[in-house]
Amino acid sequence: MTTERYVDIPGEVIDVYRLWRPSPLFRARRLEKLLDTPARIYYKYEGVSPVGSHKPNTAVPQAFYNSAEGVTRLTTETGAGQWGSALAFACATYGLDCEVWQVRASYDQKPYRKIMMETFGATLHPSPSELTEAGRKILAENPDSTGSLGIAISEAVEKAASDPGARYALGSVLNHVLLHQTVIGEEAIKQFQLAEDTPDVIVGCTGGGSNFGGLAFPFLREKLAGRMDLDIRAVEPAACPSLTRGRYAYDFGDTAGLTPLLKMHTLGHGFIPDPIHAGGLRYHGMSPLLSHIYELGLIDALAVPQQECFAAGVRFARTEGIIPAPEPTHALAACMREALRCKETGEEKVILTALCGHAHLDLPAYAAYLGGQMVDNELPQDTLDTSLAGIP
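Counted the way UniProt numbering counts, the sequence shown spans residues 1 to 392.
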């Protein structure tokens, strides 16, 4: 909640960051050649972290600050497993116990994330579970529930509230998480100075908002100060379109209503996302900070169907040699749209995108796409109306 413009990164956190930071900024020359575009495409690659994503940027400081206050255990939720893996790694670094509730759909689809978390010492439960009142209530209503991040958050918060030595840690959405992630954008600004180039368009995927905010906020500061002129674009799944189709309202961050109310773009805290959707961008609400700047017109947003996303991911892998996690394929799809527009107009725009992780532990999603088993599931309006009716 600080009003300070900058917050120093503690030395103990920097010591851990040195394992992978600064992360590289690459120019996607082979992708540019394939698209035959005059645009210059850059990507900030966060897959070099110990767990293969941007999530340790906030997991490490959260574990550090909690450890310094004498907390002995952190509880959390995870969807695709990137955040749970990151917090498990951070807790191991500072000697904290870690307990994770993973959305059932991802728990079943991604067993290697479970192995990674347990290797770092975490205890993992599928959500909804019989271990909490929130989980038991959901299972009583729907024994076959595939879960949601909102449900998993309810379970993790309930467990933390019952243990004086425990605290709950969140991997996206909240202000302090986006603050920690701005190390991405701050590095990128300095790297662009070294490259003697400046982005015209920034494209990032959005679920809760941490990866996108981490890259975009430092550049937005430069834009508001008149030092840069650029467009900033948030890309979300068509199956979970909180920015483009959600309501801007106060809503709970979890299904059971245990969290404070947050003013955000929301699909309703009772929203259960389509389990077929392969990415981790399945949270019902968007970061209050991102929701605010979207309302102010400072960023654009669009929703992309998942088959287009995975087609972009395959194209990127075959040119740049990195198989992107399902989440950043949304940004890559929009990035490629922009690059092809530049091909039509002849504009030599500089496009920066956030490649927030690799897909080494998400390959079943690619198997579904390559095997022709993936379908595009647009969110039906009646489902959305029902979910929005539950907003307090």
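Ideal Cβ placement from N, Cα and C applies to all residues, glycine included. Owing to the predicted nature of the structure, the values given are computational and were not obtained by experimental measurement.
Would you call the stretch 59–66 and the stretch 337–350 touching, i.e. three or more CB-CB distances under 8 Å?
no
With a cut-off of 8 Å on the beta carbons, I'd call GLY285 and LEU262 a contact; round off their distance for me.
7 Å
Kindly indicate which three-state DSSP category GLY84 falls into: helix, strand or coil?
helix
Limits of the unbroken alpha helix (DSSP H) element including ASP385:
It spans 381–388 - the alpha helix (DSSP H) in which ASP385 sits, taken as one unbroken run.
For MET336, three-class secondary structure by DSSP
helix
Quick one, which of VAL173, PRO392, THR383 has its alpha-carbon nearest LYS55's?
VAL173
Who pairs with ALA63 in a beta bridge, going by DSSP?
For ALA63, which the question treats as bridged, DSSP gives no partner whatsoever.
Go through its chain and collect everything with a Cβ distance to ASP231's Cβ below 6 Å, but skip five positions before and after it.
VAL201
Nearest to ASN211 by CA position, among ASP382, GLU46, PHE120, PRO22, is which residue?
GLU46
Since GLU295 sits in a beta bridge, which residues does DSSP pair it with?
Note: GLU295 sits in no beta bridge, so no partner.
For GLY183, count neighbouring Cβ atoms within 10 angstroms of its own Cβ and tell me buried if that reaches 16, exposed if not.
What sits at residue 183 in the sequence shown is Val, not Gly. Residue burial annotation: VAL183 is buried, with at least 16 other C-beta atoms found within 10 angstroms of its C-beta.
Coarse secondary structure for ALA156, derived from DSSP in three states:
Note: ALA156 maps to helix in three-state DSSP.
Take MET116 and list the residues in its own chain whose beta-carbon comes closer than 8 Å to its own, dropping the five residues that flank it on each side.
VAL51, GLY81, SER85, ALA88, LEU361
For ASP254, is the classification buried or exposed, using 16 other Cβ atoms within 10 angstroms of its Cβ as the cut-off for buried?
buried
For residue 393, the three-state DSSP class (helix, strand or coil):
For residue 393 there is no data in the structure shown, the boundaries of the chain being 1 and 392.
Kindly identify the DSSP beta-bridge partner or partners of HIS125.
Answer is TRP101.
Is it buried or exposed for ILE41, if we count other Cβ within 10 angstroms and need 16 for buried?
Its Cβ being crowded by 16 or more others within 10 Å, ILE41 is buried.
Straight-line Cα distance separating ALA354 from LEU170:
21 Å
Inter-stretch contact (C-beta, 8 Å, three-pair minimum) for the stretch 129–140 and the stretch 234–243:
Output reads no: the stretch 234–243 does not touch the stretch 129–140.
Grouping DSSP H, G and I as helix and E and B as strand, with all else coil, what is GLN232?
Here residue 232 is Ile; the residue named in the question, Gln, does not match the sequence. ILE232: strand per DSSP, three-state reduction.
If you draw a straight line from the alpha carbon of GLU295 to that of SER154, how long is it in whole angstroms?
Taking the straight line joining both Cα atoms gives about 28 Å.
Residue from LEU384, VAL314, THR93, ALA368 whose Cα sits closest to the Cα of PHE120
THR93
In chain order, what residues of the same chain have a beta carbon less than 7 Å from the beta carbon of GLN109, not counting five sequence neighbours either side?
PRO364
With distance defined between alpha-carbon atoms, name the residue in GLY372, HIS176, THR132 nearest to ARG5.
Selected option, being the one with the closest Cα: HIS176.
Opposing strand residues paired with ILE351 [DSSP bridges]:
Looking at the DSSP output, ILE351 sits in a beta bridge with ILE41, VAL201.
Give the secondary structure of THR78 by DSSP, where H, G and I count as helix, E and B as strand, and everything else as coil.
strand
In whole angstroms, give me the CA-to-CA distance for ALA368 and GLU236.
20 Å
Pairwise C-alpha distance: ILE189 and ALA28:
Computed Cα separation, rounded: 17 Å.
Does DSSP put MET1 in a helix, in a strand, or in coil?
In the structure shown, MET1 sits in coil (DSSP, three-state: anything other than H, G, I, E or B).
What first and last residue would you give for the alpha helix (DSSP H) that runs through ARG315?
306–320
Residue ranges of each beta strand (DSSP E) within the stretch 164–194, 3 or longer:
166–168
Quick check: what's the CA-CA separation for LYS33 versus GLU308?
20 Å
Report the rounded CA-to-CA distance for ARG318 versus ALA156, giving the unit in angstroms.
39 Å
If you draw a straight line from the alpha carbon of GLU77 to that of GLY371, how long is it in whole angstroms?
30 Å
Can you tell me whether ASP108 is helix, strand or coil according to DSSP?
helix
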